[in-house]
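Notes follow once the structure below has been shown.
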């Protein structure tokens, strides 16, 4: 699983995916990365009761309580 996450991270970064979320369902965590200068930068680590803004879609936010229920 860890290798899969690393492979996708690199593939999405090289492909120019602007925003990438890694979701950890068991831990109820989300890491959000934004592409800057062709490299991902960790924006924030979100936890179970956070509301996560979707940076590439202005005005859209997702409640992690809804995601993890």
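Numbering (this note's numbering), first residue to last: 313 to 381. Glycine included, every Cβ here is placed at the ideal spot set by N, Cα and C. Values in this document were obtained by computation on a predicted structure and should not be read as measured data.
In this chain, the beta strand (DSSP E) harbouring residue 341 covers 341–348. The straight-line gap separating the alpha-carbon atoms of residue 348 and residue 331 is approximately 10 Å. Taking all protein chains shown into account, residue 336 has fewer than 16 neighbouring C-beta atoms within 10 Å of its C-beta and is therefore exposed. Following the DSSP letters along the chain, one finds residue 313 in no beta strand (DSSP E), marked with neither H nor E.
Of the residues assessed, residue 366 falls on the exposed side of the cut-off, its CB having fewer than 16 other CB atoms within 10 angstroms.
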